[in-house]
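Participant: This structure is in structure tokens; I'll ask about it shortly.
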Amino acid sequence: MLEKFRTKAALWLASDTIRKGVNLVNQAFLGYLQNGQVQWLFGNRSRIVEEGYIDNEIIYSVINVILRKAKVAPIVANRIKNGKRYIKYTQYKGYGTDQAQATANIEKRKALDEVENHELLDLLDKPNSYQSGVEFIEALFGFRKLLGEAFIWGLRIGYDSPNAGKYSELHVLPSHLVEIVWSGDVNDPIAGYKFSVGDYQVQLDKDDVLHWKSWNPQWDMNGSHLRGLSPLRPGRKTLTRNNSNIELQTRGFQNGGRVTLLSKDGEGKLPTEVLSAIQAKVEEWMMPHNNRATIATNGSLKATPIGDTPADLQMIESYGADRSAMCALFGVDPILLGDKSRSSYNNQEQAYKALVTNVVVPDLNELAMKLTNWLCPRYDGVDVLEFDTSVYPELQPDLKLMKEVFADTWQVTGNEFRWAIGWDEDPDPNMNRHIIGTGKMFLDDMAMDGPIEDEGDYTREEGN
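The sequence shown runs 1196 to 1659 under my numbering.
If you want it as structure tokens, here you go:
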């Protein structure tokens, strides 16, 4: 009886909550936050930066392979002139095939008009006093790839200015020093963002912060799902093993090999003072400036190896396996780090094309959408921000293939073919006319002045 009452009470409370428009999902996971701050449970984030990037050559190299590609694509501002064409363009530009890229190029010209000069472009080109636009994107991508999330804070222009609501500066915040502040409202859980350096803390308005994060499936009562998921979270064991591997190899080289126990060769024991003298002398001889020097003794000693050498432990082979695994965490082929034996491709050109197509461009498209939604409502004259990916040679379509697909197709004009292969438009008006037939005539020249008239039956009658 009591259990039935509890069930009915819970159902009544739930239905009453729904009537009031309360987000039950957020209430279930966030309703118990007491300290007003979303917790990120994957260890110390500063430690990830130090051990996972600054002190690990593989992660450093992998992320820099991505950054060198991502930072070169310039930001472009556009006005939408055809909404249906724009939707079609966004559908095609995400594919990696030559034909899809060519179709996206054509649809883009029909959907968008580029805005060449605008204050928003000036801001993105020089976001602050200490960074260029390229450095800004590099820092943003770096935090996003390493920690799974990145933050941009905009310094808003004062309300007494005619440019109120716009930003005078943009800054990439170090993700490991940013916390999400819990609002206490399950319908709108984020109150803002807290930036902390030492004892200094400042809370930033959520509207002035762009939070770009990866998907995080870790839903818990600490609000972990509101933070991005670092690739080093699933790769933490590989990272730990690799760091230990490097440490052991370095120690082995410094010590000249495996640890060795020295003892008297034969029966009897060496006096303690003699052992101490030998120990001190050996340590002196094993110093870096004396390493591998000749050691002399007037007695007979026996050396007993203790432990395994790096070769015995297969550390070099393990290092290669770790490199391959950590490359996979970020979608980078090992050949781009010089490891041909574990590559999925025959050459670097193929690997770079896969990197640009599968990693860099999807991230650029996602970031462009975030920037568009955050910045464009504040600035008149710009509808869409995007990155100009035509700078990547890996995305240039195969001209021979494009000619086979488009050049002899009457539905495509000369300028549309030029758009497809990434060339500029030809101002000749004939380049916007359709050509048909083996004789290559303009389609509109083949139109008749009127319908063909019936001039009678030309069938010869019998007997005539």
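Beta carbons: idealized from backbone N, C-alpha and C, even for Gly.
Just to confirm the assignment, what range does the beta strand (DSSP E) spanning residue 1400 have?
Facilitator: 1395–1400
Participant: How about residue 1261 and residue 1336: do their beta carbons lie closer than 8 Å?
Facilitator: yes
Participant: Among 1294, 1421 and 1466, which one has its Cα closest to the Cα of residue 1388?
Facilitator: 1421
Participant: Among 1255, 1271, 1243 and 1242, which has the Cα closest to the Cα of residue 1581?
Facilitator: It is 1271.
Participant: Is the region 1350–1367 touching the region 1319–1337, taking contact as three or more C-beta pairs under 8 Å?
Facilitator: yes
Participant: Can you tell me whether residue 1530 is buried or exposed? The criterion is at least 16 other CB atoms within 10 Å of its CB, across all chains shown.
Facilitator: buried
Participant: In three-state DSSP terms, what is residue 1414?
Facilitator: Collapsing the DSSP output to three states places residue 1414 in coil.
Participant: So what does DSSP say about residue 1306, is it helix, strand or coil?
Facilitator: Note: residue 1306 maps to helix in three-state DSSP.
Participant: Are any of the Cβ atoms in chain B nearer than 8 Å to that of residue 1367?
Facilitator: Absent here is chain B; the protein component of the structure consists of one chain.
Participant: Quick one: give me the first and last residue of the beta strand (DSSP E) that residue 1240 is part of.
Facilitator: Careful: residue 1240 lies outside any beta strand (DSSP E), inside the alpha helix (DSSP H) at 1240–1244.
Participant: Cβ atoms of residue 1284 and residue 1303: under 8 Å apart, would you say?
Facilitator: yes
Participant: Rounded to whole angstroms, what's the CA-CA distance from residue 1237 to residue 1372? Just pull it up for me.
Facilitator: Here the model assigns residue 1237 a pLDDT of 46, short of 50, so the residue's position is not dependable and the matter cannot be decided.
Participant: Just to confirm, are residue 1555 and residue 1264 a CB contact at a threshold of 8 Å?
Facilitator: Taking 8 Å as the Cβ cut-off, residue 1555 and residue 1264 qualify as a contacting pair.
Participant: Taking 7 Å as the limit between beta carbons, can you name the residues of its chain near residue 1573, skipping five residues before and five after?
Facilitator: 1360 and 1361
Participant: For residue 1541, count neighbouring Cβ atoms within 10 angstroms of its own Cβ and tell me buried if that reaches 16, exposed if not.
Facilitator: exposed
Participant: Could you tell me the alpha carbon to alpha carbon distance between residue 1423 and residue 1559, rounded to whole angstroms?
Facilitator: 17 Å
Participant: With distances taken from CA atoms, which of 1350, 1324 and 1370 is nearest residue 1342?
Facilitator: 1370
Participant: With distances taken between CB atoms, is the gap from residue 1310 to residue 1577 smaller than 8 Å?
Facilitator: Yes, these two residues count as a Cβ contact at 8 Å.
Participant: Would you mind reading off the limits of the alpha helix (DSSP H) that contains residue 1556?
Facilitator: 1556–1570
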